[in-house]
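Peer 1: Supplied in structure tokens, the structure appears directly below.
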Amino acid sequence: MTQTPQPSSRQVGRYAYDSVDRTFLKQRVDQFRDQVRRRLAGELSEDEFKPLRLMNGLYLQLHAYMLRVAIPYGILSASQMRTLAHIARKYDRDYGHFTTRQNIQFNWIKLEDTPEILDILADTEMHAIQTSGNCIRNVTSDQFAGAAQDEVLDPRVHAEILRQWSTLHPEFTFLPRKFKIAISGSMQDRVAARFHDIGLLARMGDNGRAVFEVYVGGGLGRTPVIGTLLTSELPEEDLIAYLEAVLRVYNEYGRRDNMYKARIKILVQALGAEGFREKVDAEFAAMDRARYHLPPEIVEAIRARFGAPVFDADAAQAEQALALRLKADPEFAAWVRTNTHPHKQKGYCSLTISCKPAGGIPGDVTSAQMDLLADLADRYSFGELRITHLQNVVLGHVRQDHLFELWQILQLNGLGTPNIGLITDIIACPGLDYCSLANARSIPIAQKLSARFADAGLQREIGSLRLNISGCINACGHHHAGHIGILGVDKRGEEAFQITLGGSSGDLPSIGQIIGSAMSEDETVDAIVRIIDTYLAQRAPGEHFIETCRRLGTAPFKDAAYAVA
Amino acid sequence: MPLLENGQIIEDTWQEAQDGQPLSPDSDILVPLSRLAEGLGRNTGGRLGVVLTPADKVEDLRAALPRLDMVCLTFTSFRDGRPFTQARALREHLGYKGSLRVQGHVIPDQYEFLLRCGADQVVAGTQSPVSVWLEAHKRFSIAYQPSVLDEKAEGFAFRKWLSPS
Ligand code: HEM
Ligand code: SF4
Chain Z
242 MTQTPQPSSR QVGRYAYDSV DRTFLKQRVD QFRDQVRRRL AGELSEDEFK
292 PLRLMNGLYL QLHAYMLRVA IPYGILSASQ MRTLAHIARK YDRDYGHFTT
342 RQNIQFNWIK LEDTPEILDI LADTEMHAIQ TSGNCIRNVT SDQFAGAAQD
392 EVLDPRVHAE ILRQWSTLHP EFTFLPRKFK IAISGSMQDR VAARFHDIGL
442 LARMGDNGRA VFEVYVGGGL GRTPVIGTLL TSELPEEDLI AYLEAVLRVY
492 NEYGRRDNMY KARIKILVQA LGAEGFREKV DAEFAAMDRA RYHLPPEIVE
542 AIRARFGAPV FDADAAQAEQ ALALRLKADP EFAAWVRTNT HPHKQKGYCS
592 LTISCKPAGG IPGDVTSAQM DLLADLADRY SFGELRITHL QNVVLGHVRQ
642 DHLFELWQIL QLNGLGTPNI GLITDIIACP GLDYCSLANA RSIPIAQKLS
692 ARFADAGLQR EIGSLRLNIS GCINACGHHH AGHIGILGVD KRGEEAFQIT
742 LGGSSGDLPS IGQIIGSAMS EDETVDAIVR IIDTYLAQRA PGEHFIETCR
792 RLGTAPFKDA AYAVA
Chain L
680 MPLLENGQII EDTWQEAQDG QPLSPDSDIL VPLSRLAEGL GRNTGGRLGV
730 VLTPADKVED LRAALPRLDM VCLTFTSFRD GRPFTQARAL REHLGYKGSL
780 RVQGHVIPDQ YEFLLRCGAD QVVAGTQSPV SVWLEAHKRF SIAYQPSVLD
830 EKAEGFAFRK WLSPS
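Line by line, the protein sequences give chains Z and L. Quick note: the first sequence, position 526, residue 767 per this note's numbering, numbers continuous. Quick note: the second sequence, position 110, residue 789 per this note's numbering, numbers continuous.
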């Protein structure tokens, strides 16, 4: 029944390090240890130390240092998850917080412990490199990569190439601002490609090699922008050269006088899409392209270092076994319907485990839960896990006839919530509970909404809905991209919230519109209940919330939100 | 301030042109971009270099480059990474083969990056002991991406061996 864990050198879904990669990580840890020492000795000013610690994921927050650990393109092995649990237990308060950039954050870290933590991470081939700072950040990808039925190309291979290329890139480590790249290999964009500094949509080219659609200058924050299509036909061999060209233009021309205008989206707007493209093309044409050429041999060498699952030959019967269970147990069936995703292998599916129990803190996972998730990954999914940009955890390759057993275990441990894609599958940033930039707390309002809509039947009735919360205009909780967004603001010294409607990431990206003035936390929760009631009353058959919203515009929802009861 | 080349301290034989002063006739002299013509017109045996600010366009040096022995890039802040791109453009697009110096607010943690973008001399600030710069020069033995240096391949993919010697 149980899967045998794969040999550790080729862990499923992960890129296998060799001794050179390991040496590099240790050198990086030594460097940071020395940077901490120089800071404490006064050789580095706080001004000089700050970007260096940020490039190792270390922030100074309201109460303590916060460490953001990279989970490259979201993929983790079970043993890495156990290491994260250990760090949570020993150096934090027994919790970790999964984030919208497929990272994990620890909120209560001591500066002096950080080199040791990085050393422990390095022992399991993990790090915090470039999870922060004005450099190319951790590259994100599809949580169903290598598994999804609709996938045309496994984006992890190119994500790994980009990870390597961007790691301590000599030219692009002191950019005007942070730089985020996402890559998707499916027909359906699950990575919010058009809300990234660079979004790549991969597809198969005629020659059997990848081709990329390249979007540039998307982003959220105080100026939300949908990315511009720069080229729709970038051949794989030019991937590195072209991105070098884009980054060079950004490094040279991006604004540095005003940090709010320093993102590439502002540059693209200032030059216009054509103007920006011309500069990139000129740079690309002038480059020594041979130097940056990405030949198929390199792509294949990297692909070969990814472990792949060996599927069970008898799994085809899994479907029938599951079908019987689904009939017998409607509650289980509801969970399967919301929390699984079609797999390319017959008899398998990808399972999303909700980190958002009713009334819980989105993305928060205890160390015990992390250990459990690791064990479940070993038993049911080839020892591999994925973190989603929606703050949940995915088991990529689960036999359908194992789902029932899994569900029972998850339920016992607070991880069985059947709400993926529904109204309580809320994204929330850390907000004023941890974040020094926040205007309002995101977590309590998320908890109240999650409790208010906890009823599973009601959630199913409401259907597909994305509710996102940010504690300030920086938009770490993607509120602009939420069908319903909540933005924390400061209203004469009080925490208050604005509601946005109509945002969407994915294939039809749009930016949510603010519907009116800010309200208190409780008023906001009530207003959202009325918005949902309005939708339920006015939707056409089969219509999702976002579709009703697009059809009717925001007016009826605004009226409902501000109606005095 | 110590001047580093190849992870060694070397003596600085160059002078920077003083504002409002005529260029000294025979010494090796560094002029700002605005005095480039004047420098080129100085018909003597002294060598000539140009100091660029981060906002200067390296393209403006194209015609003069064959006659320059030194280009000096300036970091106004170590956080302003434009000189990295200037260095690469000089080496890669303009094929510049002379000395490429970096001055201003740079920190030892950037040493490797500077070299890999094509700089060969660094005016090290006095904030960090020189030993920290020399350590920084040896800290990493590999890098993951191509750079303007012709570094030896390490294993597979783009990995490069950074030999400190
Ligand atoms: C707790 C410490 C955090 C701080 C101080 C912080 C800071 C910021 C700032 C200043 C911005 C605006 C950047 C800009 O648009 O130029 C921003 C945006 C953003 N941050 Fe955070 N953030 C934090 C936590 C997070 C978390 C937990 C996530 C999730 C991984 C996150 C992901 C994002 C995202 C997705 C954006 C959207 C902006 C964009 O890319 O256009 N941040 N953050
Ligand atoms: S959105 Fe604002 S409050 Fe929330 S994490 Fe980002 S910076 Fe902090």
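Backbone N, C-alpha and C define an ideal beta-carbon position, used for all residues, glycine too.
Strictly below 8 Å CB to CB, what residues from chain Z border L:H772?
Peer 2: Those within 8 Å of L:H772 in chain Z are A527, M528.
Peer 1: Looking at the C-beta of L:I811, does it have a partner C-beta in chain Z at a distance below 8 Å?
Peer 2: It should be noted that the sequence gives Val, not Ile, for residue 811 of chain L. Yes, because at least one Cβ of chain Z sits closer than 8 Å to the Cβ of L:V811.
Peer 1: Answer yes or no: do Z:I668 and Z:H719 have a C-beta to C-beta separation smaller than 8 Å?
Peer 2: The answer is yes: Cβ separation under 8 Å.
Peer 1: With a threshold of 8 Å between beta-carbons, can L:D698 be considered close to chain Z, or not?
Peer 2: With 8 Å as the cut-off, L:D698 does not count as an interface residue toward chain Z.
Peer 1: Does the beta carbon of L:S820 come closer than 8 Å to any beta carbon on chain Z?
Peer 2: Chain Z, which has a Cβ nearer than 8 Å to the Cβ of L:S820, makes this yes.
Peer 1: When you compare only the Cα positions, how much space is there between Z:Q247 and Z:E625?
Peer 2: For Z:Q247, the predicted structure reports a pLDDT of 43, less than 50, and the residue's modelled location is therefore unreliable. A value from the coordinates is still provided. Looking at the two C-alpha atoms, the distance is approximately 10 Å.
Peer 1: For Z:A400, I'd like the list of residues in its chain whose CB is within less than 6 Å of its CB, leaving aside the five on either flank, ordered along the chain.
Peer 2: Correct list, in chain order: Y314, V380, S382, I424.
Peer 1: Would you mind giving the Cβ-Cβ distance between Z:Q688 and Z:E560, rounded to the nearest angstrom? I have them listed as a contact below 8 Å.
Peer 2: Their Cβ separation, rounded to whole angstroms, is 38 Å, which puts Z:Q688 and Z:E560 out of contact at 8 Å.
Peer 1: Shorter than 7 Å, the distance from the beta carbon of L:A716 to the closest heavy atom of the ligand SF4, or not?
Peer 2: No.
Peer 1: Would the stretch 795 to 813 of chain L count as touching the stretch 778 to 787 of chain L if we require 3 or more Cβ pairs under 8 Å?
Peer 2: These segments touch.
Peer 1: Looking at Z:A503 and the ligand SF4, is the gap between the Cβ and the nearest heavy atom below 7 Å?
Peer 2: Not under cutoff, so the answer is no.
Peer 1: Is Z:N740 helix, strand or coil by DSSP?
Peer 2: Before going on, a small fix: residue 740 of chain Z reads as Ile here, not Asn. Z:I740: strand per DSSP, three-state reduction.
Peer 1: Using DSSP bridges, identify the partner residues of L:S713.
Peer 2: Answer is none; L:S713 lacks a bridge partner.
Peer 1: Taking Cβ to Cβ, would you say Z:L285 is nearer than 8 Å to Z:Q276?
Peer 2: Cβ distance < 8 Å, so Z:L285 and Z:Q276 count as in contact.
Peer 1: Starting from L:N685 and walking both ways along the alpha helix (DSSP H), at which residues does that stretch end?
Peer 2: Per DSSP, L:N685 belongs to no alpha helix (DSSP H) and is neither H nor E.
Peer 1: So, for Z:T243: in the same chain, excluding its five sequence neighbours on each side, which residues have a beta-carbon less than 6 Å away from its beta-carbon?
Peer 2: Low local confidence applies: a pLDDT of 43 at Z:T243 is under 50, so the model's placement there is unreliable, with the coordinate-based value given in what follows. Excluding positions up to five away in sequence, the list reads R620.
Peer 1: Is the stretch 330 to 338 of chain Z close to the stretch 603 to 612 of chain Z, with three or more CB pairs under 8 Å?
Peer 2: Short answer: they touch.
Peer 1: Under a three-way DSSP split, which group does Z:H785 fall into?
Peer 2: Note: Z:H785 maps to coil in three-state DSSP.
Peer 1: If you draw a straight line from the alpha carbon of Z:T245 to that of Z:Y258, how long is it in whole angstroms?
Peer 2: Note that Z:T245 scores 45 on pLDDT, short of 50, meaning its location in the model is unreliable; the coordinates nonetheless yield the value given after this. About 21 Å.
Peer 1: At a Cβ threshold of 8 Å, is L:R838 touching chain Z?
Peer 2: Yes, L:R838 counts as interfacial toward chain Z.
Peer 1: For a quick check, are the C-beta atoms of Z:G712 and Z:G672 less than 8 Å apart?
Peer 2: Yes, these two residues count as a Cβ contact at 8 Å.
Peer 1: Which whole-angstrom value is the C-beta distance of Z:P356 and Z:V253, which I expect to be below 8 Å?
Peer 2: So it is not a contact: roughly 31 Å between Cβ atoms.
Peer 1: Decide if Z:M528 is buried, meaning its Cβ has at least 16 other Cβ atoms within 10 Å, or exposed.
Peer 2: The residue is buried, with at least 16 neighbouring Cβ atoms inside 10 Å.
Peer 1: Name the residue from Z:Q652, Z:V457, Z:L742 whose alpha carbon lies nearest to the alpha carbon of Z:Q510.
Peer 2: Closest by alpha carbon: Z:V457.
Peer 1: Could you give the distance in angstroms between the alpha-carbon of Z:H630 and the alpha-carbon of Z:N660?
Peer 2: Straight-line Cα distance between these residues: approximately 15 Å.
Peer 1: Where L:D735 and Z:R431 are concerned, what is the direct C-alpha to C-alpha distance, given to the nearest angstrom?
Peer 2: Straight-line Cα distance between these residues: approximately 41 Å.
Peer 1: CB L:L715 to CB L:A696, shorter than 8 Å?
Peer 2: Going by C-beta atoms, L:L715 is not nearer than 8 Å to L:A696.
Peer 1: CB Z:G726 to CB Z:G744, shorter than 8 Å?
Peer 2: Yes, the pair counts as a contact, with Cβ atoms nearer than the cut-off.
Peer 1: Would you please verify whether the beta carbon of L:C796 is less than 8 Å from any beta carbon of chain Z?
Peer 2: At least one chain Z Cβ lies under 8 Å of L:C796.
Peer 1: Compare the C-alpha of Z:R627 against each of Z:T341, Z:V487, Z:G734, Z:S407 and name the closest.
Peer 2: Answer by Cα proximity: Z:T341.
Peer 1: Assuming Z:R435 and Z:I316 form a contact by the criterion Cβ under 8 Å, report the distance between their Cβ atoms to the nearest whole angstrom.
Peer 2: Not quite, the Cβ-Cβ distance comes to about 23 Å (not below 8 Å), so this is no contact.
Peer 1: Taking one C-beta from the stretch 485 to 499 of chain Z and one from the stretch 402 to 420 of chain Z each time, how about it: are there three or more such pairs within less than 8 Å?
Peer 2: At 8 Å Cβ cutoff, the stretches touch.
Peer 1: Which residues of the stretch 283 to 303 of chain Z have a Cβ closer than 7 Å to any Cβ of chain L? Give them in chain order.
Peer 2: Within the stretch 283 to 303 of chain Z, the qualifying residues are E284, E289, P292, L293.
Peer 1: In the stretch 461 to 538 of chain Z, which residue ranges form an unbroken beta strand (DSSP E) of at least 3 residues, counting only runs that do not cross its ends?
Peer 2: Complete beta strand (DSSP E) runs here, min 3: 469 to 476.
Peer 1: Is the closest heavy atom of the ligand SF4 to the C-beta of Z:G704 under 7 Å?
Peer 2: No, Cβ of Z:G704 sits at least 7 Å from all heavy atoms of the ligand SF4.
Peer 1: Which partner residues of L:L727 appear in the DSSP bridge assignment?
Peer 2: According to DSSP, L:L727 bridges with L:I708.
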